[in-house]
Amino acid sequence: MYTFRQDFLDYLRKVRGFSNRTIDTYDFNVRKLHEFLTPCQIEFATRAYIADFICYLHEQGYNPNTINNYISSITTYYSFVCNFIDTSLVNPCSCIKHVKSGFRLPRFLTEEQMQQVFDNLKAFSGFQGSREAAIIALFYHTGIRCSELQSLSINNVDLSNNTIRVIGKRNKERIIPISNDCRAYLIAWLQYRFDVISYCDNYFISKQGTELTCKQIRYIVKRCLVRVVPESLAHPHVLRHSFATHLMNKGCNIEYIRALLGHASVITTSIYTHTSIENLQSIYNSIFNHHA
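Under the working numbering, residues 3 to 294 are what the sequence shown spells out, in order.
Put into structure tokens, the structure is as follows:
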């Protein structure tokens, strides 16, 4: 393992407030660099070594976004080592820049596709069916992340006021309203949830009373969505994109969408303005093209 690994992981968790999934990604990426540098010790790597590693990733066919993910991980590692472990070391990532990546619009389901999904959910019943319907409804009606739904506790769901309290990235909290339709799905699930003896307070649990993992939740979403859309679109984050895109298309203020999604900056949320412009253009064409 690479030098100062446990100190670095503790720093990410306790100081930076990263989620377990992000920490695992950073750990994997730095270990990959460590393997590439062996037998050179990772803390003594030079800028040339880091540049060679980035070239290696290019040669292996990694896409720009993945390479930038690696760069962020190793830059954070060396900043930690040079600032908190040994200030005499020179940071080899000080002049390393992210590679240019092509702009990708978020993938989302149309409102018609979402209606088909919910039409299918009407036939769902029992423990498993009610749980799956509630999960899909909550993802689409709130735009929360998979990790946020997975950790959602019963105490953070306020059905009296139609709100949920979400613990997001870096332990930031936000209150999100839920619709009456979503509330109905959540209530229907609770009838079965309380029939199971459970010692965890997660809102969504297994038949054995244990909390669901993110992997299990992603599988549930996939199983529900592939009835309507290709497998490539059957993912929780696509429902998050759909939530934001449909709000934007309905004229919702971008700052409000930013707050609902838990984005730190409105710049991140601005990707949805592109889909909104496309929607506006199609409406414009449908109105005026017949006059040409």
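By construction, the Cβ of each residue, glycine as well, lies at the ideal position given by its N, Cα and C atoms.
Please read all numbers here as calculations on a predicted model, not as lab measurements.
Rounded separation between residue i and residue j - CA only
i	j	result
Asn31	Ile76	7 Å
His143	Asp26	29 Å
Thr112	Met250	13 Å
Ser90	Lys171	32 Å
Asp160	Arg225	28 Å
Phe20	Pro66	23 Å
Cys216	Ser149	6 Å
Leu262	Glu175	11 Å
Thr270	Asp54	31 Å
Arg195	Arg220	19 Å
Arg33	Leu39	10 Å
Arg15	Asp29	12 Å
Limits of the alpha helix (DSSP H) - the one that residue i falls within
i	result
Val83	Per DSSP, Val83 belongs to no alpha helix (DSSP H) and is neither H nor E.
Arg133	128 to 144
Arg242	238 to 251
Glu150	148 to 152
Pair within 8 Å by beta-carbon distance, residue i and residue j
i	j	result
Gly145	Phe46	no
Ala136	Leu59	no
Ile52	Thr5	no
Ile180	Ile169	no
His243	Pro108	yes
N- and C-terminal bounds of the beta strand (DSSP E) containing residue i
i	result
Val231	Per DSSP, Val231 belongs to no beta strand (DSSP E) and is neither H nor E.
Val268	Careful: Val268 lies outside any beta strand (DSSP E), inside the alpha helix (DSSP H) at 268 to 271.
Ile256	Run containing Ile256: none in the beta strand (DSSP E); it sits in the alpha helix (DSSP H), 256 to 263.
Sequence-distant residues of the same chain with beta carbon closer than 8 Å to residue i, five excluded per side
i	result
Asn71	Thr27, Asn31
Tyr201	Gly211
Nonlocal neighbours in the same chain, by C-beta distance under 7 Å from residue i, ignoring five residues either side
i	result
Gln115	Val230, Val231
6 Å CB neighbourhood of residue i in its chain, flanking five on each side removed
i	result
Val223	Pro238
Phe141	Pro238, Leu241
Trp191	Ser132, Arg133, Ala136
Arg49	Pro94
Asn173	Gly19
Three-pair Cβ contact test at 8 Å for the stretch 3 to 22 versus the stretch 79 to 97: yes
Contact the stretch 203 to 215 vs the stretch 152 to 159: 3+ CB pairs below 8 Å: yes
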